[in-house]
Every structure is written in C-alpha cells, then in structure tokens.
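Worksheet: the structure to be examined is printed underneath.
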Amino acid sequence: MKMKLINKYILLLMLALIGWTTSKAVNNNTISVGVMLPLHQVDGDGKRMVEYYRGMLLAFNQLKTEGYHIDVHAWNVNIDADIKTTLLDPNAEKCDVIFGPLYSKQVKPLADFCKNKGIRLVIPFSITGNDVAYNSSIFQIYQDETRLTNATVQAFIERFAKCHPVFVDCSDATSKKGTFTSALRKELDVKGIRYNLTSLKSDDNAFAKAFVKGQTNVVILNTARSPELNETFVKLERLDQLHPGTLISLFGYTEWLMYAPYDFNHFCKYDTYIPSTFYYNASSSSTTALESSYRAWFHEPMLQALPRFAIMGYDHAEFFVRGLAQYGKKFLGSKWQQPYKALQTPLKFVPVDNGGRINSTFELIHYLYNGNVESIAY
1 MKMKLINKYI
11 LLLMLALIGW
21 TTSKAVNNNT
31 ISVGVMLPLH
41 QVDGDGKRMV
51 EYYRGMLLAF
61 NQLKTEGYHI
71 DVHAWNVNID
81 ADIKTTLLDP
91 NAEKCDVIFG
101 PLYSKQVKPL
111 ADFCKNKGIR
121 LVIPFSITGN
131 DVAYNSSIFQ
141 IYQDETRLTN
151 ATVQAFIERF
161 AKCHPVFVDC
171 SDATSKKGTF
181 TSALRKELDV
191 KGIRYNLTSL
201 KSDDNAFAKA
211 FVKGQTNVVI
221 LNTARSPELN
231 ETFVKLERLD
241 QLHPGTLISL
251 FGYTEWLMYA
261 PYDFNHFCKY
271 DTYIPSTFYY
281 NASSSSTTAL
291 ESSYRAWFHE
301 PMLQALPRFA
311 IMGYDHAEFF
321 VRGLAQYGKK
331 FLGSKWQQPY
341 KALQTPLKFV
351 PVDNGGRINS
361 TFELIHYLYN
371 GNVESIAY
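Structural data, given as structure tokens:
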C-alpha cells in the first residue's frame, strides 16, 4: 500500500509539472526533460533514485515560478529492464535532455539513441565503460578514480608547495588510499619537495621527528577510516603538548566529510583540507529551505547520505534546464557557461577527445581555525 501511495504521489506531481506554460517564459521554447532511472521502492538503488528524482521535481517547481516551460517524462528503468523497449515510447525522442541510466549495461543503447536523435544525455552516477570518449551527446557527471587522484595531487602541489608534507602510516590493510599517497609522493619527488614518513605506532619522540619548525607541516594519512583519524588526533594533541607552536594542517579524504558532525572542532583546530566534488552545507539557509520543502512535499526527510541525493537532483535539474533555456544547443556546461550556483553539487564540464563532455568539478573543503568552512574551487 505504501509503495502504491508513493507512486501515486509522484504521478500527481508529474501531471502537475508536465506542460507548464506561463506569461513570463524565459523564451518561447519548452524544455522537454526525460528521466530514465530505477524509480521504485524495492531496494536501495530505487529509493536513492526516487529521492534524486524528487529533488528534480522540486527544481522544476522552482523553475515554474520563474516562468520556465518544462515538459517532464519519467520511466522506471530498473536493473532488469531492456532500455531499448523504453526507447520505443514516442515521448522519448521528444526530449531535449535525458537523465540516466543508473546501470552501465544500459548506457550504450541509450547514448546511441540520444546521439541519433540530437538529445543531451546526462549520466549522473558512476558507470563503467568509456562511451563519453566516443559519443558527443554525453554529459558524464561521474569522475573516475584516476581523474580525481590527478586533480587532488595537482591541488595539493599548488596549495602546499612551500609546506612540509608528513605521511603517516596507519597500518590499515584494507585501505585503498595507497594510489593517492604513491602518486603524491612521486610528484613531490619530481618537484624536489622534501617530505617525511612516520607511523601511528611510532613513540612520541619518533613521531615528532617527522615534523619541522618554522614551516607548516601538512599531515597525510594513508587511510580514510575514522578510528585511525581519531588516533591521529591523539598523536597531534600529544605533539602540541611536547612541541608547542608546531604548525600543522591536515589533508584528508572525501569520506572525512561524514565525520564532520563529531570531528568538526578537530578539523578546525588542525586547519583541515578535504578534497571533494560536492559539499553539503547543513547550516546554509538555502539548504535548510530545500530540506523543509522536501519534507512538506513528500512527508519524510531526505536520506542521510553524502551527498544528499535530493539536493543532487535539484542541482542537476537547475543547471541543465537553465543552461538549455539560455544557450540552447550551444550549451556546453563549461566554466564560461554557469547558469546556476549549486547548493551542493557544482558542475563544470570539459570536452573528452572527440566525444562528449565530462564533469571536472573539484574543490577543497577547508575548515578554518575560526570555525568557518570555505569551499576552494579549482
């Protein structure tokens, strides 16, 4: 019964959204939006995508108040669906932009369809394959590990070229952060930047020897786990006691954003930088207003996930609808075409070879000594 009510509610919202027309239209063209994602409540994939879609609906509602014309068509494309069947729906080829799919096996047929029909395809989530390198219709939001690692290394070198890196071995056999620390050490060697190595198992004196006076020591762990991070805080506090005045910054991982609610004071105390492609700012008035609207519309809060799926859907819909309305077929989503300021999930696309475009957004979330947080965009 609950699932039927949810589906009915979404359908009612869809009917309210489709075919909007107002006298204050931004232009005379209607933007036709398609959504091809698993929109169900059967499993985690479906629940997350329903929330993402709900965020899109909230964006469309906001755009309606500003005079945008929008048609919306949504299809429940689950993991077992043959997307070629979905594409037989006459409404599919009428779309200006389609968001989806979630599953990699559905990318090529949908991407080929979009290319043949002149439709923009926005792939919001992680996929395998490299269709974006060959298909000019694709706007791929997901960035793979290699791309993000390279961006993180370059951002570190740019910001901390005059600092002293300290790598801390955390003895975490499950960690996959060695790819980053190895790449960073290699680049530091190339640049001639000296660094030291130490361990959480080192005694106080040995640990302190890795740090230098008169220069900011940037601490890098080789794990993103919370227990080792907390051990590091203990070691650094002990270092403060034994060697007061030692300048320290922490350079972390995106996962650390999950720990911010209870590690916030430590993050600020140690001038922490966290690389990310998003930032959920719970104290932002715009964010809290959207969360309130979400609860009012759907009678439940957003899922406790980072990033928030509803806000992601909201940001994505705002970005592409505004962009297509303003620039039409010339919309590339580049740093020179930014029609919308994101609440959580900024987008900035760059071309990939002779294919489509991929999101290149990268930022450092910086926790300052004074308790403020800033986002440093690259």
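According to UniProt numbering, the sequence shown holds residues 1 to 378 in order.
Idealized CB from N, CA, C, for every residue including glycine.
- Query: Using the rule of at least 16 other Cβ atoms within 10 Å of the residue's Cβ for burial, across every protein chain shown, is residue 266 buried or exposed?
  - Reply: Here residue 266 refers to the residue found at position 266 when the sequence shown is read from its first residue. Classification of residue 266: buried, given that the 10 Å Cβ count is 16 or more.
Which residue marks the beginning of the alpha helix (DSSP H) containing residue 225, and which one marks its end?
By one-based count along the sequence shown, residue 225 stands at place 225. From DSSP, residue 225 is part of no alpha helix (DSSP H); its letter is neither H nor E.
Between residue 71 and residue 33, is the Cβ-Cβ spacing less than 8 Å?
Residue mapping note: residue 71 aligns to position 71 of the sequence shown, counting from 1. Residue mapping note: residue 33 aligns to position 33 of the sequence shown, counting from 1. Yes, the Cβ-Cβ distance between residue 71 and residue 33 is below 8 Å.
- Using CA coordinates, which residue listed in 277, 338, 49 is at the minimum distance from residue 378? Stepping through the sequence shown from its first residue, residue 378 is reached at position 378. Among 277, 338, 49, the Cα nearest to that of residue 378 is on 277.
Residue 21 in three-state terms, based on DSSP: On the sequence shown, residue 21 is found 21 positions in, with the first residue counted as 1. Low local confidence applies: a pLDDT of 34 at residue 21 is under 50, so the model's placement there is unreliable, with the coordinate-based value given in what follows. Correct three-state label for residue 21: coil.
Which same chain residues, not among the five before or five after residue 294, have their C-beta less than 6 Å away from its C-beta? As a first step, residue 294 is located in the sequence shown; it is residue number 294 there, counting from the start. So the qualifying residues of the chain are 302, 310.
For residue 121, which beta-bridge partners are listed by DSSP? Position 121 of the sequence shown, counted from the first residue, corresponds to residue 121. The partner list for residue 121 (beta bridge, DSSP) reads 98, 138.
Open item on the list: If I follow the unbroken beta strand (DSSP E) through residue 33, where does it start and stop?
Closed with: Working through the sequence shown from its first residue, we reach residue 33 at position 33. Element bounds for residue 33: 31 to 37.
Same chain only: Cβ atoms within 6 Å of residue 372, ignoring 5 sequence neighbours per side: Working through the sequence shown from its first residue, we reach residue 372 at position 372. Here the set comprises nothing.
Local conformation of residue 144 per DSSP, three classes
By one-based count along the sequence shown, residue 144 stands at place 144. Coil, per DSSP.
Check: What residues in its chain sit with their C-beta under 6 Å from that of residue 360, if we drop five residues either side in the sequence?
Finding: The residue you call residue 360 lines up with position 360 of the sequence shown. If we look at residue 360 and ignore the five residues flanking it on each side, its Cβ neighbours are 348, 350.
Do you know how far the Cα of residue 346 is from the Cα of residue 363? For this step, residue 363 is matched to residue 363 along the sequence shown. For this step, residue 346 is matched to residue 346 along the sequence shown. A direct Cα-to-Cα measurement between residue 363 and residue 346 gives close to 10 Å.
Exercise for the section: Just grab the DSSP bridge partners of residue 165 for me. Expected result: As a working note, residue 165 is residue 165 in the sequence shown. Partner(s): 218.
Straight-line Cα distance separating residue 249 from residue 123
Counting from 1 along the sequence shown, the entry for residue 123 is found at position 123. Counting from 1 along the sequence shown, the entry for residue 249 is found at position 249. Roughly 36 Å between the two C-alpha positions.
_Extract the residue ranges of the alpha helix (DSSP H) inside the region 202 to 281, only unbroken runs of 4 or more that lie entirely within it._
Within the region 202 to 281, complete alpha helix (DSSP H) segments of at least 4 residues are found at 204 to 208, 226 to 242, 260 to 269, given in chain order.
Please classify residue 196: does DSSP put it in a helix, a strand, or coil?
-> Along the sequence shown, read from residue 1 onward, the residue named residue 196 stands at position 196. Residue 196 falls in the strand class under three-state DSSP.
Give me the DSSP bridge partner(s) of residue 349. The sequence position of residue 349 within the sequence shown is 349, counting from 1. Residue 349 is bridged to 359.
- Query: Leaving out the 5 sequence neighbours to the left and right, which residues in its chain are closer than 8 Å to residue 83 when beta-carbon positions are compared?
  - Reply: By 1-based counting over the sequence shown, the position of residue 83 is 83. Within the same chain, residue 83 has close Cβ partners 36, 77, 101, 106, 109, 110.
- For residue 318, is the classification buried or exposed, using 16 other Cβ atoms within 10 angstroms of its Cβ as the cut-off for buried? Along the sequence shown, read from residue 1 onward, the residue named residue 318 stands at position 318. Buried, because 16 or more other Cβ atoms sit within 10 Å of the Cβ of residue 318.
Legend entry - With 16 other Cβ atoms within 10 Å as the buried cut-off, status of residue 374: Translated into positions along the sequence shown, residue 374 becomes position 374. When all chains shown are included, residue 374 counts as exposed.
Kindly indicate which three-state DSSP category residue 373 falls into: helix, strand or coil? Here residue 373 corresponds to residue number 373 of the sequence shown, with the count starting at 1. Looking at residue 373 - three-state DSSP - the assignment turns out to be strand.
Whole alpha helix (DSSP H) elements within the region 44 to 76, 4-residue minimum
Listed in chain order, they are 44 to 65.
Note to self: Taking 7 Å as the limit between beta carbons, can you name the residues of its chain near residue 258, skipping five residues before and five after?
What the structure shows: Here residue 258 corresponds to residue number 258 of the sequence shown, with the count starting at 1. If we look at residue 258 and ignore the five residues flanking it on each side, its Cβ neighbours are 306.
inquiry  = Contact defined as beta carbons within less than 8 Å: I believe residue 188 pairs with residue 168. What is the distance between those atoms, to the nearest angstrom?
reply    = Counted from its first residue, the sequence shown places residue 188 at position 188. Counted from its first residue, the sequence shown places residue 168 at position 168. At roughly 15 Å, the Cβ-Cβ gap does not stay under 8 Å, so residue 188 and residue 168 are not in contact.
Checklist entry - If you draw a straight line from the alpha carbon of residue 233 to that of residue 340, how long is it in whole angstroms? => result Position 233 of the sequence shown, counted from the start, is the residue given in the question as residue 233. Position 340 of the sequence shown, counted from the start, is the residue given in the question as residue 340. Taking the straight line joining both Cα atoms gives about 38 Å.
- Query: Distance, Cα to Cα, residue 135 vs residue 31?
  - Reply: Numbered from its first residue, the sequence shown carries residue 135 at position 135. Numbered from its first residue, the sequence shown carries residue 31 at position 31. Approximately 22 Å between the Cα atoms of the pair.
What residue from 204, 191, 119 has the CA that sits closest to residue 330's CA? Here residue 330 refers to the residue found at position 330 of the sequence shown. For the residues 204, 191, 119, the minimum Cα distance to residue 330 belongs to 119.
**Prompt:** Just the Cα atoms here: how many angstroms apart are residue 219 and residue 165?
**Reply:** The count along the sequence shown starts at 1 and reaches residue 219 at position 219. The count along the sequence shown starts at 1 and reaches residue 165 at position 165. Residue 219 and residue 165: Cα-Cα distance of roughly 6 Å.
Is it true that the CB of residue 174 sits closer than 8 Å to the CB of residue 222?
-> Walking along the sequence shown from the start, residue 222 turns up at place 222. Walking along the sequence shown from the start, residue 174 turns up at place 174. Result no, Cβ atoms of residue 222 and residue 174 do not sit closer than 8 Å.
task = Return yes when the Cβ of residue 343 is within less than 8 Å of the Cβ of residue 367, no when it is not.
result = To locate residue 367, count along the sequence shown from 1; it is residue 367. To locate residue 343, count along the sequence shown from 1; it is residue 343. No.
- Message: My output table needs one value for residue 367: the three-state DSSP class, helix, strand or coil.
- Response: Here residue 367 corresponds to residue number 367 of the sequence shown, with the count starting at 1. The three-state secondary structure of residue 367, taken from DSSP, is strand.
> Exposed or buried, which one is residue 217 when buried takes at least 16 other CB atoms within 10 Å?
Replying inline: If you number the sequence shown from 1, residue 217 lands on position 217. Counting Cβ neighbours within 10 Å, residue 217 comes out buried, since at least 16 surround it.
**Q.** Among 256, 80, 117, nearest to residue 96 - alpha-carbon criterion
**A.** Position 96 of the sequence shown, counted from the first residue, corresponds to residue 96. With distances taken between CA atoms, residue 96 lies nearest to 117 out of 256, 80, 117.
Q.
My output table needs one value for residue 128: the three-state DSSP class, helix, strand or coil.
A. The residue labelled residue 128 in the question sits at position 128 within the sequence shown. Judged by DSSP in its simplified three-state form, residue 128 adopts coil rather than helix or strand.
I'd like to check one pair, residue 229 with residue 211: are the Cβ atoms closer than 8 Å? Sequence index remark: in the sequence shown, residue 211 carries index 211 (1-based). Sequence index remark: in the sequence shown, residue 229 carries index 229 (1-based). No, the pair does not count as a contact, with Cβ atoms beyond the cut-off.
*Sub-8 Å separation of residue 132 and residue 358 beta-carbons*: Position 132 of the sequence shown, counted from the start, is the residue given in the question as residue 132. Position 358 of the sequence shown, counted from the start, is the residue given in the question as residue 358. Yes, Cβ-Cβ distance for residue 132 and residue 358 is below 8 Å.
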